[in-house]
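Chemist: This structure is in structure tokens; I'll ask about it shortly.
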Amino acid sequence: MKRFNIYIGLLLASVIVLAIVFDMAYTYVYNNGTHRNKLMWVREMNNQQVDFIVLGSSRANNHIDPVQIHNATGKNGFNLGVNGFSAFESHLMLIQFLKKNKTKEVYVQVDSRYRQDEPDPIGSKVWLPFIYEDYIYNEFKSFGSEFKCYKQVPFYRYQKFESRLGYRDVVTSFMGKGFDYEPLSGYTPRYATLKEDKPYNRDKYIIQENTQINKIIERCNKEGVEVFFFTSPIYRFEGDITPLGKYLPNYHDFKDSIGERKLFGDQVHLNAQGAAHFTDMFIDNYFKK
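So the sequence shown is residues 4 to 292, counted in my numbering.
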């Protein structure tokens, strides 16, 4: 029995040691490897001083081309929108960027997802390798005890979310295979054409302010940064997002500004041609006054 207990103890100790070693190795790659997501790119930025940044979900990421803005106006900026981001992750991205960089203006894409002020089940995953950092954990901790486990239990977050944070991304990043966000300043074009001609309807009404958006406003005011909010085009939208004009300062609604189906990849995303058209509208509205 004594030998059995020793065996079990050694086995558990080995598992814990391996978990710690793998956690350290994975986290090292996420901090130093080739960029597998946009957050890794932003975390390496240092002393960037730009005219603007764009925040939001894929409806920011796929819609605003900073290179086109620079060519038309001479202004420099980054598109820091990320697929799956809610206001929670956009707030974190703003904090991350401003830790070591400066911007004069922030543009935040908002729509019917304004109702969501908790971490997004998909968008939040890219932050978990770095949850050991206090500023990140402090934003997550009020949303459930699982985030304490992700911070304190070695390798747990990588094992649980293997498909998004695991072996494949770590190895490819370590081998130098990743994504280069520099040439397009973070913008990601979408190549497709909407096939179905039908209205898009979100039926849940916006009934209260979003606490994460308010944090973005507070952070920008604290840093002396001007903040603007906008809604990107949506194909044949039949919902109601009018409360956004009540809750948000400096808000502009572009949702009905493009009606040609050939300019959309799907009902809520413009394709590359549509994004070029919308970026021209964006320039005219914000940069040519």
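We put the CB at the ideal spot given by N, CA and C, even for glycine.
1) In angstroms with no decimal places, state the Cα-to-Cα distance between aspartate 120 and leucine 21.
2) So, helix, strand or coil for threonine 175, using DSSP?
3) Can you tell me whether cysteine 223 is buried or exposed, with buried defined as 16 or more other CB within 10 angstroms of its CB?
4) For leucine 42, count neighbouring C-beta atoms within 10 Å of its own C-beta (all shown protein chains included) and say buried if the count is 16 or more, exposed if not.
5) To the nearest angstrom, report how far apart proline 186 and isoleucine 11 are at their CA atoms.
6) Note down, in chain order, each residue of its chain lying with its Cβ closer than 8 Å to the Cβ of serine 115, except the 5 sequence neighbours on either side.
7) Tell me which same chain residues have a C-beta within less than 8 Å of the C-beta of glutamine 99, skipping the five on either side of it?
8) What residues in its chain sit with their C-beta under 8 Å from that of tyrosine 203, if we drop five residues either side in the sequence?
9) Could you tell me the alpha carbon to alpha carbon distance between lysine 291 and leucine 251, rounded to whole angstroms?
10) Taking the straight line between their C-alpha atoms, what separation do you get for aspartate 259 and valine 156?
11) Within this structure, are the beta carbons of asparagine 213 and phenylalanine 232 separated by less than 8 Å?
12) What's the gap between the Cα of phenylalanine 133 and the Cα of aspartate 200?
13) Look at the alpha carbon of alanine 278 and the alpha carbon of asparagine 40, and state the distance between them as a whole number of angstroms.
14) Who are the Cβ neighbours of methionine 48 in its own chain at under 6 Å, not counting the five residues just before and after it?
15) Quick check on the burial criterion: 16 or more other C-beta atoms within 10 angstroms. Buried or exposed for threonine 196?
16) What first and last residue would you give for the alpha helix (DSSP H) that runs through threonine 220?
Modeler: Walking through what the data contain:
1) Distance between the alpha carbons of aspartate 120 and leucine 21: 36 Å.
2) In the structure shown, threonine 175 sits in a helix (DSSP, three-state: H, G or I).
3) With at least 16 other beta carbons inside 10 angstroms of its own, cysteine 223 counts as buried.
4) By the neighbour-count rule (16 or more Cβ atoms within 10 Å), leucine 42 is buried.
5) Each residue's Cα considered, the two are about 54 Å apart.
6) For serine 115, the CB contacts under 8 Å within the same chain, skipping 5 residues up- and downstream, are Arg205, Lys207, Ile209, Gly242, Ile244 in chain order.
7) Listed in chain order, the non-local C-beta contacts of glutamine 99 below 8 Å within the same chain comprise Leu42, Val45, Arg46, local neighbours out to five positions each way being set aside.
8) Excluding positions up to five away in sequence, the list reads Ile237, Tyr238, Arg239, Phe240, Glu241, Gly242, Gln270, Val271.
9) C-alpha separation (whole angstroms): 22 Å.
10) The straight-line gap separating the alpha-carbon atoms of aspartate 259 and valine 156 is approximately 47 Å.
11) Their beta carbons are not under 8 Å apart, which means asparagine 213 does not touch phenylalanine 232 by this criterion.
12) Between phenylalanine 133 and aspartate 200, the C-alpha separation is close to 42 Å.
13) So the alpha carbons of these two residues sit roughly 21 Å apart.
14) Closer than 6 Å at the Cβ level, and outside the excluded window around methionine 48, lie Asn104.
15) It is exposed - the Cβ of threonine 196 has fewer than 16 other Cβ atoms within 10 Å.
16) Per the sequence presented here, residue 220 reads as isoleucine, with threonine not at that position. Judged by DSSP secondary structure, isoleucine 220 falls within the alpha helix (DSSP H) whose first and last residues are 214-226.
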